[in-house]
Amino acid sequence: MDIEQFRKAGYQAIDRICDYYYSLEERPVVSQVQPGYLREALPESAPEKGEDFQLIADDYQKHIIPGMSPWQHPSFFAYFPTAGTFEGMLGDLYCSSIPTPGFNWSCSPAATELEAVVMDWGAKLFGLDSQFLNSSGIGGGVIQTTASDSALVAVVAARSRYIRQYHTDVKQEDLIMYTTTQTHSLGLKAGLVLGLTCRALEVKIEDQFALREAVLRSAIEEDKKRGKHPFIIIATIGTTSSGAIDRLDEIGEVVKDYPSLWIHVDAAWAGVTLACPEFREVAMLDSINQYADSFCTNFHKWGLVNFDASAMWVRNRKDLTDALDITPEFLRSKHGDAGTVIDYRNWHLGLGRRFRSLKVWFVLRSYGAEGFRNYIRAGIDLNNYFATLVRGSSNFSLVTEPSFALTVFRIVPPSVTDPIASQTLLNSLNQSFHARISARHDIWLTQTMINGIFCIRFAVGAARTTKAHIDKAWKLINEEAEVVLANLGQEGRD
């Protein structure tokens, strides 16, 4: 393909993308294809001779689009929001047009310097302490691939710091990291990858599934008596299942007595709420600034930037570079040796890296801080509206208090006077309800299990979702609930 052929194909691609978004609401929220559909449609081997690009582009429309579930659909309420802004798309396009591995400043100075700048923009937008700024020369921000990568890097850095500063002779099998029973699987996976023991601390519904001081302190004391060495706690602001917020203020008080314990804050989807001053107390900003060694939130979830762009800030960048700096001769540079530039390869596990900061820059400039905040507030308002509908229903009940843009609920019919004693029945009832919802193509909700309670998650955040879509979702939810409850009544009569 030459330059002019690329120009023509590019025009067509943009037109087709625009047509796709114009038709988005008319499309199924969940892909309707069956497993193996694509293998049946495509040849077993790559073509021997190159094909005309128009044929390739048409096959994309014919075969790929039907197999995509559009997370940007206004009736998508599953999992978590995933950004799909046009500014982010253009940032990715420009990034792809000048591919660079970006492993040091010399590769492409703009790639490193723009990342350092936009991560400082993000830190200021979220109200993070000045020590987290790249311009501080002490801490700083880096764009990782996902929150899982951010957690893995934090664990590596915490382990290195613990061994280097506190216990140089500790055995790997004696190290222990903490999560909770509500923490994302990223904690367990980090332990699995690194060969470390990961202990999930039990959290309770009466604490809104938040980790409290007594539980953490008891675990530390118990493990130390067993000769174990706790070195990191992964706390969460907005867990995936329930939106729980760990009590960082209380965790910080514990760590005052155990200063070798690293606090990593995983705020993958909910951290962007810190952009709004009115949510900072709930999202524990003061405690993040006082106690956290590292903090992560994903711009690519509820932060308007297309996947992938996981923002991670550290209080002390030396903790990263001491753990991850490997510089063979062929990677050395004058500026790197002098310490006058950041070489981001030493801030994460990989060597090469994409120019992700470009799309963050495009989005933050296009929306501005005000537009970013308004988008977050709109999502929370819509979720609060949905929660109000649940509260006003005789057939549904909230399982937890709404958390920013997430509501967790379940069917509890009026005939059930003791939900605890009827938990098996309610779980079966809600599994049937979710199965019916999942069979639909015009709405998407996901399930979760919280301390033995089967429930339904309703997550708001798609940029095109309006109150009308919430009303439509509520109507569909009630229709399916009525069928399930009618079947329950029929079984009771039988």
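Going by the numbering used here, the first residue of the sequence shown is number -5, and it counts up by one from there. Glycine is no exception: its CB is placed at the ideal position from the N, C-alpha and C atoms. The structure displayed is predicted, hence computed values, not measured ones.
Boundaries of the alpha helix (DSSP H) in which Gln6 is found, first to last residue
Ile(-3) to Tyr16
Step through the CB atoms of chain E and report whether any lies within less than 7 Å of the CB of Thr230.
Here there is only one protein chain, and chain E is not present.
Anyone know if the C-beta pair for Thr267 and Phe398 falls short of 7 Å?
yes
Between the C-alpha atoms of Phe74 and Arg458, what's the straight-line distance to the nearest angstrom?
14 Å
Pick from Val354, Val164 and Asn421 that is closest to Thr79, judged by C-alpha positions
Val354
Kindly identify the DSSP beta-bridge partner or partners of Ile304.
Residue identity differs from the one stated: residue 304 is Ser in this sequence, not Ile. Answer by DSSP bridge pairing, in chain order: Gln138 and Asn292.
Can you tell me whether DSSP reads Ser432 as helix, strand or coil?
helix
DSSP-derived helix/strand/coil call for Asp337:
coil
Pull up the distance between the alpha-carbon of Trp468 and that of Cys192, whole angstroms please.
40 Å
Answer with buried or exposed for Ile50, where buried requires no fewer than 16 other C-beta atoms within 10 angstroms of its C-beta.
exposed
From Ala72, Ser129 and Ala117, pick the residue whose C-alpha is nearest to that of Ile336; which is it?
Ser129
Within 10 angstroms of its Cβ, does Cys101 collect 16 or more other Cβ (buried), or is it exposed?
buried
Report buried or exposed for Glu12, applying the criterion of at least 16 other Cβ atoms within 10 angstroms of its Cβ.
The question names Glu, but residue 12 in the sequence shown is Cys. By the 10 Å Cβ count, Cys12 comes out exposed.
Based on the DSSP output, what are the partners of Val402 in its beta bridges?
Arg451
Contacting residues, own chain, Cβ-Cβ under 6 Å from Ile(-3) (five flanking each side not counted)
none
Cβ-Cβ separation, Arg404 to Asn424 (assumed contact under 8 Å), whole Å
5 Å
Just the C-alpha distance for Asp114 and Gly134, rounded to the nearest angstrom, thanks.
8 Å
According to the neighbour-count rule (16 or more other Cβ atoms, all chains shown, within 10 Å of its Cβ), is Asn98 buried or exposed?
buried
Less than 7 Å between the C-beta atoms of Tyr172 and Leu146, yes or no?
no
For His258, name the three-state secondary structure that DSSP assigns.
strand
Nearest to Ala317 (by Cα), restricted to the options Val150, Ser387 and Ser281
Val150
Based on the DSSP secondary-structure assignment, which residues constitute the bridge partners of Phe70?
Trp438
Taking contact to mean 3 or more Cβ pairs, one atom from each stretch, closer than 8 Å, check whether the segment 54 to 68 and the segment 275 to 284 are in contact.
no
Which runs of the alpha helix (DSSP H) spanning at least 4 residues fall entirely within the segment 146 to 209, listed in chain order?
180 to 188
If distances are taken between C-alpha atoms only, which option among Ile444, Pro253 and Asp260 comes closest to Arg241?
Asp260
Extent of the continuous beta strand (DSSP E) to which Ser409 belongs:
Segment: none, Ser409 is in no beta strand (DSSP E) and carries neither H nor E.
For the beta strand (DSSP E) containing Pro224, list its first residue and its last residue.
His223 to Thr230
When Ile8, Phe0 and Ala72 are compared against Ile46, the one with the closest alpha-carbon
The question names Ile, but residue 46 in the sequence shown is Asp. Out of Ile8, Phe0 and Ala72, Phe0 has the C-alpha closest to the C-alpha of Asp46.
For Val384 versus Phe427, is the C-beta spacing smaller than 7 Å?
no
Would you be able to state if there are at least three C-beta pairs under 8 Å between the segment 240 to 254 and the segment 300 to 316?
no
For Leu190 and Phe452, I'd like the C-alpha separation in whole angstroms.
34 Å
Would Ser144 and Ser304 qualify as a contact pair, given that the criterion is a beta-carbon distance under 7 Å?
yes
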